[in-house]
Amino acid sequence: MGILDALFGRTKPVKPDLDQLFGVPSAALTLEAATGFLPTGLGSVCFAAVEGAAFVQVEQQVRALLDADTERGVPVEASKDDYGYSWLLARHSPGELPELVNDLHAVNSELEANGFGPQLLCSLVGFRDAQGQSLALVYLYKRGTFYPFAPMPGGGEKRNSPLELQVNAMLGNDLRLEKDLSRWFPVWGAPGL
Numbered sequence: 075m076g077i078l079d080a081l082f083g084r085t086k087p088v089k090p091d092l093d094q095l096f097g098v099p100s101a102a103l104t105l106e107a108a109t110g111f112l113p114t115g116l117g118s119v120c121f122a123a124v125e126g127a128a129f130v131q132v133e134q135q136v137r138a139l140l141d142a143d144t145e146r147g148v149p150v151e152a153s154k155d156d157y158g159y160s161w162l163l164a165r166h167s168p169g170e171l172p173e174l175v176n177d178l179h180a181v182n183s184e185l186e187a188n189g190f191g192p193q194l195l196c197s198l199v200g201f202r203d204a205q206g207q208s209l210a211l212v213y214l215y216k217r218g219t220f221y222p223f224a225p226m227p228g229g230g231e232k233r234n235s236p237l238e239l240q241v242n243a244m245l246g247n248d249l250r251l252e253k254d255l256s257r258w259f260p261v262w263g264a265p266g267l
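When you read off a place in the sequence shown, starting at 1, and then add 74, the result is the number in this note's numbering.
1. Have a look at E252 and F121 and give me their C-alpha separation to the nearest angstrom.
2. For L139, tell me which candidate among S197, E184, G246 has the shortest Cα-Cα distance.
3. From A123, L92, D155, pick the residue whose C-alpha is nearest to that of F190; which is it?
4. Could you have a look at G147 and say whether DSSP puts it in helix, strand or coil?
5. Please report the residue range of the alpha helix (DSSP H) in which P225 lies.
6. What would DSSP say about S167, mapped onto helix, strand or coil?
7. Looking only at its chain, what residues have a beta carbon closer than 6 Å to the beta carbon of P172, apart from the 5 residues adjacent to it on each side?
8. Any idea if D156 is buried or exposed, counting beta-carbon neighbours within 10 angstroms, 16 or more meaning buried?
9. Could you give the residue range of the alpha helix (DSSP H) that holds A123?
10. Which partner residues of L211 appear in the DSSP bridge assignment?
11. Can you give me the Cβ contacts of E170 inside the same chain, cut-off strictly under 8 Å, excluding the 5 residues immediately before and after it?
12. Please classify G117: does DSSP put it in a helix, a strand, or coil?
13. DSSP three-state call for L194: helix, strand or coil?
14. Pull up the CB-CB distance for L95 and S197, whole angstroms please, since I reckon it's below 8 Å.
15. Determine, using beta carbons only, whether Y213 comes closer than 7 Å to chain D.
16. Taking all protein chains shown into account, decide if A224 is buried (16 or more other Cβ within 10 angstroms of its Cβ) or exposed.
17. Considering only residues of the same chain and omitting the five flanking positions on each side of G110, which have a CB-CB separation below 7 Å?
18. Taking all protein chains shown into account, decide if D177 is buried (16 or more other Cβ within 10 angstroms of its Cβ) or exposed.
19. By the three-class DSSP mapping on this structure, what secondary structure does A152 have?
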């Protein structure tokens with residue numbers, strides 16, 4: 075960083091570190107022990123789709139990679155949200171969290187390796203407690219950090235902010251957490267939540 079950057083308050087962007095995803099199984103143990111949240115076996119990757127044959131080919135490669143890895147015959151589900159972003163949802167049994175994380179890492183890595191890293195937005199891994207409260211650990215690709223997202227049960231667009239702050243406080247030793255709370259974007263209706 076140069077002197078002008080320091081004077082004007084500019085900072086270098088954080089480089090994505092997809093290996094941070096491998097910290098999720100450890101964080102899941104902490105979550106279970108402290109709050110009773112268990113993995114749902116669902117995880118998804120969100121990206122901004124672009125037009126063109128190259129992107130279509132890479133998306134097909136990613137889906138084929140994950141579908142071939144699925145012995146249960148459940149293919150990866152693709153969808154678009156209300157904002158036009160594309161999602162790939164991977165399903166595993168709740169006890170297969172490391173395999174789910176491997177799938178999410180593979181999707182991100184494949185898109186990144188083919189030059190589509192700038193289109194990657196986030197990945198999330200779903201959890202639920204005995205009362206039905208949903209929780210996602212959201213990985214921000216461009217920031218290389220995680221944050222918790224907990225929509226209130228029963229629909230609507232309300233967050234359980236106290237729970238998000240509690241989870242954030244307990245996972246500091248397991249994950250690189252996003253310190254800027256303004257970047258804790260809601261992912262309403264995200265596949266896997």
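Think of the CB as a built atom: it goes at the ideal place given N, C-alpha and C, for glycine as much as any other residue.
On the basis of the data shown:
1. 19 Å
2. The shortest CA-to-CA distance from L139 to any of S197, E184, G246 is the one to E184.
3. Nearest of A123, L92, D155 to F190, Cα basis: A123.
4. Because G147 carries a pLDDT of 49, less than 50, the predicted location of this residue cannot be relied on, and the following value inherits that uncertainty. Residue state, collapsed to three classes: coil.
5. Unbroken run through P225: none, as it is neither H nor E.
6. coil
7. P99
8. exposed
9. Premise fails: A123 is in no alpha helix (DSSP H) and is neither H nor E.
10. V199, P222
11. G115
12. strand
13. Three-state result, L194: strand.
14. Yes, they are in contact, since the Cβ atoms of L95 and S197 sit about 7 Å apart, within 8 Å.
15. In summary, chain D is missing from the structure at hand, where a single protein chain is found.
16. In the assembly as shown, A224 is a buried residue. Its beta-carbon has 16 or more other beta-carbons within 10 Å.
17. Around G110: D203, A204.
18. buried
19. strand
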